[in-house]
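Engineer: My questions all concern the structure below.
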Amino acid sequence: MSAKKNININLKIWRQKNASAKGKMETYKLDNVSTDSSFLEMLDQLNEQLINTKNEPVAFDHDCREGICGMCSLYINGRAHGPDTGTTTCQLHMRKFKDGETIFIEPWRSKAFPVVKDLMVDRSAFDRIQQAGGFVSVNTSGRTIDANATPINKQDADKAFMAAACIGCGACVATCKNGSAMLFVGAKVSQYALLPQGKVEATERVLNMVRQMDEEGFGNCTNTGACEVECPKGISLENIARMNREYLSASLKG
Amino acid sequence: MKLDSKIPEGPISEKWTNHKNNLKLVAPNNRPKIDVIVVGTGLAGASAAASFGEMGYNVKAFCFQDSPRRAHSIAAQGGINAAKNYQNDGDSTYRLFYDTIKGGDYRAREANVHRLAEVSSNIIDQCVAQGVPFARDYGGLLDNRSFGGTQVQRTFYAAGQTGQQLLLGAYSALSRQIGLGNVKMFSRHEMLDIVKVDGKARGIIARNSITGELERHSAHAVIIASGGYGNVYFLSTNAMGSNVTASWKVHKKGAHFANPCFVQIHPTCIPVHGTNQAKLTLMSESLRNSGRIWVPAKKEDAEAIRVGKLKATDLKEEDRDYYLERKYPSYGNLAPRDISSRAAKEVCDAGHGIESNDTNEGVYLDFSSEIQTKGKQSAYAKGNHNPTQEEITELGKQWLEEKYGNLFTMYEKITDENPYETPMKIYPAVHYTMGGVWVDYNLMSSIPGCFVAGEANFSDHGANRLGASALMQGLADGYFVLPYTVSNYLADEIRTGKIATDTPEFLEAENAVRQSIEQLINNNGTKSVDYFHKKLGLIMWNKVGMSRNEKGLKEAIEEIRQLREDFYADVSVPGAANELNQELEKALRVADFIELGQLMAKDALDREESCGGHFREEYQDAEGETLRDDEKFGYVAAWEYNGSDASKSVLHKEELKYEFIKIAARNYK
Chain F
4 MSAKKNININ
14 LKIWRQKNAS
24 AKGKMETYKL
34 DNVSTDSSFL
44 EMLDQLNEQL
54 INTKNEPVAF
64 DHDCREGICG
74 MCSLYINGRA
84 HGPDTGTTTC
94 QLHMRKFKDG
104 ETIFIEPWRS
114 KAFPVVKDLM
124 VDRSAFDRIQ
134 QAGGFVSVNT
144 SGRTIDANAT
154 PINKQDADKA
164 FMAAACIGCG
174 ACVATCKNGS
184 AMLFVGAKVS
194 QYALLPQGKV
204 EATERVLNMV
214 RQMDEEGFGN
224 CTNTGACEVE
234 CPKGISLENI
244 ARMNREYLSA
254 SLKG
Chain V
316 MKLDSKIPEG
326 PISEKWTNHK
336 NNLKLVAPNN
346 RPKIDVIVVG
356 TGLAGASAAA
366 SFGEMGYNVK
376 AFCFQDSPRR
386 AHSIAAQGGI
396 NAAKNYQNDG
406 DSTYRLFYDT
416 IKGGDYRARE
426 ANVHRLAEVS
436 SNIIDQCVAQ
446 GVPFARDYGG
456 LLDNRSFGGT
466 QVQRTFYAAG
476 QTGQQLLLGA
486 YSALSRQIGL
496 GNVKMFSRHE
506 MLDIVKVDGK
516 ARGIIARNSI
526 TGELERHSAH
536 AVIIASGGYG
546 NVYFLSTNAM
556 GSNVTASWKV
566 HKKGAHFANP
576 CFVQIHPTCI
586 PVHGTNQAKL
596 TLMSESLRNS
606 GRIWVPAKKE
616 DAEAIRVGKL
626 KATDLKEEDR
636 DYYLERKYPS
646 YGNLAPRDIS
656 SRAAKEVCDA
666 GHGIESNDTN
676 EGVYLDFSSE
686 IQTKGKQSAY
696 AKGNHNPTQE
706 EITELGKQWL
716 EEKYGNLFTM
726 YEKITDENPY
736 ETPMKIYPAV
746 HYTMGGVWVD
756 YNLMSSIPGC
766 FVAGEANFSD
776 HGANRLGASA
786 LMQGLADGYF
796 VLPYTVSNYL
806 ADEIRTGKIA
816 TDTPEFLEAE
826 NAVRQSIEQL
836 INNNGTKSVD
846 YFHKKLGLIM
856 WNKVGMSRNE
866 KGLKEAIEEI
876 RQLREDFYAD
886 VSVPGAANEL
896 NQELEKALRV
906 ADFIELGQLM
916 AKDALDREES
926 CGGHFREEYQ
936 DAEGETLRDD
946 EKFGYVAAWE
956 YNGSDASKSV
966 LHKEELKYEF
976 IKIAARNYK
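In order, the protein sequence lines correspond to chains F and V.
Just so we're aligned, residue 4 is where the first sequence starts under this note's numbering, counting upward by one.
Just so we're aligned, residue 316 is where the second sequence starts under this note's numbering, counting upward by one.
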């Protein structure tokens, strides 16, 4: 591990009692934060301090704390998942911050992700997009053909995997000035479009998922590319282009 | 009361087929009249909910996360086993069965494990059909690798994110059923009790975490798939929210809890950095395909490394002790998890640890040999038969990145060290729990109508789970076992009709939950929930951890008894009951962990032998290997709840009969 060092920091955190309450930024001071701590361990430390002084702790979403569940979701110093690239908030470490620094922490900001409490937002819109078509309609009997009966070109399989690596955290939406979900939807559509198993329903899938995306109130894509920059899993813009091609060809068929 | 495991008669390879043929069915037109509750949406829960929805039952699925896709199965890294024998290295259903029984140190049920091995191939077929993007070779066919405790390559994988890809596959099947209206999903809901009517499981009480409201949900069968209880140690590789509450509530209502002391301490995790640490991170066992584990052979070198006077790369080959290769030559770095973990503890206890934290606990996982080997192979494959040293190193690193890229990145993010240049530092950490709710062959607990699947049950892994077998079990239970066995149970429920929730049983259960919540909220103590959880974790790690003895276990039982009293006297839970309250959620979970911790110590004390992950210092041979006692302890310890002081729980024994495998000393040398 790196050299042991503790820092003192100031925090400006969005506090909001519930979905209908009005929120505001509150200021906190936190001393003796280990630079080896993760960002969320720093928040644990703040909450411990708040509880011990009879104040209400800050609510934030988190679970696996190893960058894969997609539950953590903080806007830190004006950036989704904070100053580091290719990372989730839980994998961001305090060594990226300076002693005496003031850190701003806000929830995801997007119309389609309403605030639930403090730093927690409602991302169920993503689930509903998935329910609209993010699957292969195969029954779960296990009575399918042998897994090796259909060879898949390694490059396509690898590309499908890279698209499927999306963790559904919503950083792409939060960082987009239009609040667009095109990277999330594009990744799902691409995963299936690249695999023979996904081809059968390709037309309905892209039409249904895009329709649901629009109904949820996500904005349009204006190709700024901000989503790709902030995506903790490096999901490529190529996926949006592929979805657009799929959508166009589906629309022509439809 | 005698435990009836309901293992079918007949030869091992025909038991499941015959059993399925004899199970009762529910006709499609009757299924919509029947409600099924599934708690948890990991691999077992999501696959079960999707399957029951597809069959036409009315399904309600619950998870505490904001989306079913976030259950902790998502974090499984290395892979999933299946006896496909695609690599032509002599694998078969029997070998997977045998390896799993032996890996579990002869403390698992033969019939369950054989069924698991039988259905393993279907899982891979199913997942590929769902569009799960497994790793493939250049011919377009599925690739495999090796895991600990095996001598074949039967592990299917998707980089270091296999759990993620499998869970997203199950989640896609579940999403499809939610979209079709067959499954109603309750995210951000936590099950806080099971409701029994006339002895049968008839529903649950769940708390809506957004509003704090308590809800009554009825069903004809309840499936618990809520995962394991590793977080009893506070620090583990589990997700922060992973908890034992659903399992513990059914235990309190009459389901036996089996082998609670069988805990898997995973050998390759990133070592602890400090007291504010909230969780530990696993580095997949698959890395042991490519990495060699070592410590400095001389204590003074280890000391010099800890104080920063020497670097790992400074040590010559002859000054390194590759202790797994030395002690277990035939399995080497791929020795099973329990054995590898203990070996790491042994060398660190002897003063060879390399980590500069409070405990000096850490060993190296070194990729430099693999970089050379694979770099040379890659150069040859590209037609370069005379590569320079630089070219070899560069190609070797590229090869590693393709296989394990996400793990190496994760390691660097956490430790600020580059594992392509310097060996990883690793140490064992709590990872998986083999114990769990006791179930029979049908995966039904001792409460009729309450089924338990995946890590939450005890059934398949004995005293030690082999790598890449948890994913296999989760999906096997959910896709291929429960749909048959639960339907058999439900066949007798087609005339029951809708179960009312305004009955005394539901009211009473809801009131009890409300009371326990109010008690915590109004307690006004002085210490946070985490304060108590960390204390519990330390007792568990030091006295019910990698190595246990009679004195320590007795102390643990007393200390946890005291901790329980302190918790209720002095815990502080800010906020209110009728709102989103994360501290309250934690407090409810920790209250259950405290009771469970005591039962684990009791179970470990009672089991006077060493087997798998359960190492009792009193029972070891001259070389420090485990000494099993099949005569006296060849049974499943199933505990019956008997009040909140778990040391008073009542033991029931299910004798384990080995009819098809010859029970033997477990040797990996």
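Idealized CB from N, CA, C, for every residue including glycine.
#1: Residues of chain V with a CB under 8 angstroms from the CB of S37 of chain F: which are they?
#2: So, does the CB of D47 of chain F fall closer than 9 angstroms to a CB anywhere in chain V?
#3: Helix, strand or coil: how does DSSP classify D508 of chain V here?
#4: Check for me: the alpha helix (DSSP H) holding M212 of chain F runs from which residue to which?
#5: In this structure, how does DSSP classify T737 of chain V when only helix, strand and coil are distinguished?
#6: I'd like the list of long-range same chain contacts for H581 of chain V, defined as Cβ closer than 8 angstroms, with 5 residues on each side in sequence excluded.
#7: Compare the C-beta of N80 of chain F against all C-beta atoms of chain V and say whether one is closer than 9 angstroms.
#8: Considering L77 of chain F, what are the terminal residues of the beta strand (DSSP E) in which it resides?
#9: When the Cα of G545 of chain V is compared with those of V:Y950, V:I909, V:F948 and V:N757, which residue comes out closest?
#10: Note down, in chain order, every chain V residue with its Cβ under 8 angstroms from the Cβ of L198 of chain F.
#11: Excluding five sequence neighbours on each side, which residues of the same chain lie with their C-beta closer than 7 angstroms to the C-beta of R904 of chain V?
#12: Look at the alpha carbon of A824 of chain V and the alpha carbon of K813 of chain V, and state the distance between them as a whole number of angstroms.
#13: Give the C-beta separation of S774 of chain V and N396 of chain V to the nearest angstrom, bearing in mind that I take them to be a contact with Cβ-Cβ under 8 angstroms.
#14: Whose C-beta lies closer than 7 angstroms to the C-beta of R208 of chain F among residues of the same chain, with five residues either side of it excluded?
#15: Classify I352 of chain V as helix, strand or coil using the three-state DSSP reduction.
#16: Report buried or exposed for P347 of chain V, applying the criterion of at least 16 other Cβ atoms within 10 angstroms of its Cβ.
#17: Quick check on DSSP: helix, strand or coil for Y401 of chain V?
#18: Run through chain F and tell me which residues come within less than 7 angstroms of T941 of chain V, C-beta to C-beta.
#19: What three-state label does DSSP hand F9 of chain F in the structure shown?
#20: Could you tell me the distance, in whole angstroms, from the CA atom of E44 of chain F to the CA atom of N857 of chain V?
#21: Which of helix, strand or coil does DSSP assign to D64 of chain F?
#22: The alpha helix (DSSP H) with K614 of chain V in it runs from where to where?
#23: Is the shortest distance between the beta-carbon of P154 of chain F and the beta-carbons of chain V less than 9 angstroms?
#24: Using a Cβ cut-off of 8 angstroms, pull out every chain F residue sitting near T596 of chain V, in sequence order please.
#25: Could one say the Cβ of D921 of chain V lies closer than 9 angstroms to chain A's Cβ atoms, at least one of them?
#26: Just checking my contact of H535 of chain V with W753 of chain V at CB under 8 angstroms: how many whole Å lie between their CB atoms?
#27: Applying the 10 Å Cβ sphere with the 16-neighbour rule, what's the burial state of D817 of chain V?
#28: With DSSP as the reference, label M4 of chain F as helix, strand or coil.
#29: Tell me the rounded alpha-carbon separation between M4 of chain F and L49 of chain F.
#30: Kindly indicate which three-state DSSP category M123 of chain F falls into: helix, strand or coil?
#31: Hey, how far is the Cα of E709 of chain V from the Cα of K718 of chain V?
#32: Considering only residues of the same chain and omitting the five flanking positions on each side of D807 of chain V, which have a CB-CB separation below 8 angstroms?
#33: Quick one: Cα of L33 of chain F to Cα of I608 of chain V, how far?
#34: Here's the rule: buried if 16 or more other CB atoms are within 10 angstroms of the residue's CB, otherwise exposed. What is D634 of chain V?
#35: Would the segment 164 to 175 of chain F count as touching the segment 457 to 468 of chain V if we require 3 or more Cβ pairs under 8 angstroms?
#36: What three-state label does DSSP hand E530 of chain V in the structure shown?
Structural biologist: On the basis of the coordinates in this document:
#1: Taking the first sequence and counting its residues from 1, the one referred to as residue 37 of chain F is at position 34. Chain V residues near S37 of chain F: H588, G589 and N591.
#2: As a first step, residue 47 of chain F is located in the first sequence; it is residue number 44 there, counting from the start. Look at D47 of chain F: its C-beta is under 9 angstroms from a C-beta on chain V.
#3: Along the second sequence, one-based indexing puts residue 508 of chain V at 193. It is a strand residue.
#4: As a working mapping, residue 212 of chain F is identified with position 209 in the first sequence. M212 of chain F -> alpha helix (DSSP H) spans A205 to E218.
#5: Counted from its first residue, the second sequence places residue 737 of chain V at position 422. Under the three-state reduction of DSSP, T737 of chain V is assigned to coil, being neither helix nor strand.
#6: Translated into the one-based positions of the second sequence, residue 581 of chain V becomes position 266. The beta carbon of H581 of chain V sits closer than 8 angstroms to those of T552, L597, E600, R652, S656, P743, A744, V745, H746 and Y747, all from its chain and outside the five residues before and after it, given in chain order.
#7: Numbered from its first residue, the first sequence carries residue 80 of chain F at position 77. Cβ-Cβ to chain V under 9 angstroms: no for N80 of chain F.
#8: If you number the first sequence from 1, residue 77 of chain F lands on position 74. First-last of the beta strand (DSSP E) with L77 of chain F: L77 to I79.
#9: Residue mapping note: residue 545 of chain V aligns to position 230 of the second sequence, counting from 1. G545 of chain V has its Cα closest to that of V:I909, out of V:Y950, V:I909, V:F948 and V:N757.
#10: Taking the first residue of the first sequence as position 1, residue 198 of chain F is located at position 195. Neighbours of L198 of chain F on chain V, chain order: G446 and P448.
#11: Within the second sequence, residue 904 of chain V is the residue found at index 589, counting from 1. A distance below 7 angstroms between beta-carbons, with the five flanking residues on each side excluded, links R904 of chain V to the following residues of its chain, in chain order: N558 and T560.
#12: Translated into the one-based positions of the second sequence, residue 824 of chain V becomes position 509. Translated into the one-based positions of the second sequence, residue 813 of chain V becomes position 498. Rounded to the nearest angstrom, the two C-alpha atoms are 19 angstroms apart.
#13: Start at 1 with the first residue of the second sequence, and residue 774 of chain V comes out as number 459. Start at 1 with the first residue of the second sequence, and residue 396 of chain V comes out as number 81. Contact doesn't hold; Cβ gap of about 16 angstroms is too wide.
#14: Looking up residue 208 of chain F in the first sequence gives position 205. Closer than 7 angstroms at the Cβ level, and outside the excluded window around R208 of chain F, lie G136, V192 and Y195.
#15: For the purposes of this step, residue 352 of chain V is identified with residue 37 of the second sequence, where counting begins at 1. Strand.
#16: In the second sequence, the residue the question calls residue 347 of chain V occupies position 32. With fewer than 16 other Cβ atoms from the protein chains shown falling within 10 Å of its own Cβ, P347 of chain V counts as exposed.
#17: Here residue 401 of chain V refers to the residue found at position 86 of the second sequence. In this structure, Y401 of chain V counts as coil in the three-state DSSP scheme.
#18: In the second sequence, the residue the question calls residue 941 of chain V occupies position 626. The premise fails here: T941 of chain V is roughly 30 angstroms from chain F at the closest Cβ pair, so nothing lies under 7 angstroms.
#19: Here residue 9 of chain F refers to the residue found at position 6 when the first sequence is read from its first residue. Position check: residue 9 of chain F holds Asn in this sequence, whereas Phe was assumed. Correct three-state label for N9 of chain F: strand.
#20: Here residue 44 of chain F refers to the residue found at position 41 of the first sequence. Here residue 857 of chain V refers to the residue found at position 542 of the second sequence. N857 of chain V has its alpha-carbon roughly 23 angstroms from the corresponding atom of E44 of chain F.
#21: The residue given as residue 64 of chain F occupies position 61 in the first sequence. In the structure shown, D64 of chain F adopts coil according to DSSP, grouped into three states.
#22: Numbered from its first residue, the second sequence carries residue 614 of chain V at position 299. The continuous alpha helix (DSSP H) containing K614 of chain V extends over residues K614 to R621.
#23: Here residue 154 of chain F refers to the residue found at position 151 when the first sequence is read from its first residue. Flagged as an interface residue toward chain V: P154 of chain F, by a C-beta distance shorter than 9 angstroms.
#24: By one-based count along the second sequence, residue 596 of chain V stands at place 281. Taking a Cβ-Cβ threshold of 8 angstroms, the residues of chain F close to T596 of chain V are R68 and E69, in chain order.
#25: Going by chain labels, chain A is absent from the structure shown, which instead holds the protein chains F and V.
#26: Mapped onto the second sequence, residue 535 of chain V falls at position 220. Mapped onto the second sequence, residue 753 of chain V falls at position 438. About 22 angstroms separates the Cβ atoms of H535 of chain V and W753 of chain V, ruling out a contact at the 8 angstroms cut-off.
#27: The count along the second sequence starts at 1 and reaches residue 817 of chain V at position 502. Exposed: under 16 other Cβ atoms inside 10 Å.
#28: For the purposes of this step, residue 4 of chain F is taken as residue 1 along the first sequence, with counting starting at 1. At M4 of chain F the pLDDT is 41, less than 50, meaning the model places this residue with poor confidence; the figure from the coordinates comes in the next sentence. Reduced to three states, the DSSP call for M4 of chain F is coil.
#29: Counting from one through the first sequence, the residue named residue 4 of chain F turns up at place 1. Counting from one through the first sequence, the residue named residue 49 of chain F turns up at place 46. With a pLDDT of only 41 at M4 of chain F, under 50, the local geometry of the prediction cannot be trusted, and no value is derived from it.
#30: The sequence position of residue 123 of chain F within the first sequence is 120, counting from 1. Three-state result, M123 of chain F: strand.
#31: Within the second sequence, residue 709 of chain V is the residue found at index 394, counting from 1. Within the second sequence, residue 718 of chain V is the residue found at index 403, counting from 1. Their Cα atoms are separated by approximately 15 angstroms.
#32: Numbered from 1 along the second sequence, position 492 holds the residue referred to as residue 807 of chain V. Cβ neighbours of D807 of chain V beyond the five flanking positions: K339.
#33: If you number the first sequence from 1, residue 33 of chain F lands on position 30. If you number the second sequence from 1, residue 608 of chain V lands on position 293. Taken atom to atom, the span from the alpha-carbon of L33 of chain F to that of I608 of chain V is near 39 angstroms.
#34: Indexing the second sequence from 1 puts residue 634 of chain V at position 319. Exposed: under 16 other Cβ atoms inside 10 Å.
#35: In this structure the segment 164 to 175 of chain F does not touch the segment 457 to 468 of chain V; the number of beta carbon pairs closer than 8 angstroms is below three.
#36: For this step, residue 530 of chain V is matched to residue 215 along the second sequence. E530 of chain V falls in the strand class under three-state DSSP.
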